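One structure below.
Next comes the structure, spelled out in structure tokens:
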């Protein structure tokens, strides 16, 4: 079996820097606590970086069974973000038919492996007829898993068409932008739809090591390469939260985290070309862990919540929920500590911004 080390190609450094991925890498988060999946496949004899690829349906099942094919290129894009995450080939995820008795590949074929491997995210580049019955099945499965995120490429048909699975609320639909002169520009071909959630970069360089040397494929364009990039970012976020709290974010919390760290591209607010905008990962040390994560059996704001006086808890919770005051990166509020002038300035600035 041919294996190789996943190298972070220098040609993609500017994309990692632009999207904040390098902030997580610099803090030591590369996705090693996380297992993700792809809706495609290829032969692992040709591409299996660090033996991280899992093949629940056997090697070579499906299409794209060669290095340099669509499946391996999108996987290579994912590994440019989360180079230490495991990646399972769930190529049967796209098997479906519509109607009341519709067959859902996610539910009928892939669910056992999602649970066995602890998969938290999957990226897909496919289209299928998706009526309300199939959308409901996907919604039910994803809601039942709790911490599962499904990133689907929006499509490359501009304003004429988009992937129909986007109609499912539980699915995260991803459009594409490219970076030029340190500015994000939406790809003209990226499908436009009211169901779009976020935009992510494409035009990554991918490489494959072979016996004859390294084969380099130039900048890959398409929403097919935006979806694995955003999926990789979700893996870095979960890697961080697992490290800090012992468990990944729920789907709802992940979407909230992404929206909180979105930057508009062009039009202010939500639009049908870039969704909520582009996700820029923050410095891990600046993340308020307990704003997005709760402990089992209750909504714990901070690790040291029991040290907060009863008369103050309601107001502390209010300030936490509305972002007026935040705890430390380690999840503690430290209610007995003195407040410095700079901390007071930050709090007053948040209050002022909230009433403007």
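In the working numbering, the protein residues as written are 6 to 361.
A virtual CB, placed ideally from N, CA and C, is assigned to each residue, including glycine.
All values derive from a computational prediction rather than experimental measurement.
Shown here, residue 64 sits in coil according to DSSP, grouped into three states, outside any helix or strand. Here the C-alpha atom of residue 234 lies approximately 18 Å from the C-alpha atom of residue 171. Nearest Cα to residue 290 within the set 23, 168, 33, 200: 33. By the Cβ neighbour-count rule, residue 256 is buried, with 16 or more other Cβ atoms within 10 Å of its own. For residue 277, same chain residues with a beta-carbon under 8 Å away, outside a window of 5 residues either side, are 197, 198, 199, 201 in chain order. Across the set 195, 189, 181, 273, the C-alpha of 195 shows the shortest separation from the C-alpha of residue 161. Between the alpha carbons of residue 180 and residue 100 lies a distance of about 23 Å. The Cβ-Cβ distance between residue 24 and residue 206 falls below 9 Å. In the DSSP assignment, residue 31 falls within the unbroken alpha helix (DSSP H) covering 26-31.
Following the DSSP letters along the chain, one finds residue 191 inside the beta strand (DSSP E) bounded by residues 188-191. For residue 155, the enclosing beta strand (DSSP E) covers residues 154-158. Residue 314 sits exposed, since fewer than 16 C-beta atoms from the chains shown fall within 10 Å of its C-beta. Taking the CA atoms as reference points, residue 223 sits about 19 Å from residue 51. The continuous stretches of beta strand (DSSP E) do not include residue 292, and DSSP gives it neither H nor E.
Under the DSSP assignment, residue 144 falls outside any beta strand (DSSP E), being part of the alpha helix (DSSP H) whose first and last residues are 137-150. Residue environment: residue 98 is assigned as buried (16 or more neighbouring CB atoms within 10 Å of its CB, all protein chains considered). Judged by their CB atoms, residue 13 and residue 88 are nearer to each other than the 9 Å cut-off. Bridge partners of residue 93 according to DSSP: 42, 59. If you draw a straight line from the Cα of residue 81 to the Cα of residue 136, it comes to about 32 Å.
Under DSSP, residue 180 shares a beta bridge with 204.
For residue 283, the secondary structure class from DSSP, reduced to helix, strand or coil, is strand. Restricting attention to 247, 253, 293, the CA atom closest to the CA of residue 266 is found in 293. Here residue 148 is exposed. Its C-beta has fewer than 16 other C-beta atoms within 10 Å.
Distance between residue 272 and residue 118, taken at the CA atoms: about 41 Å.
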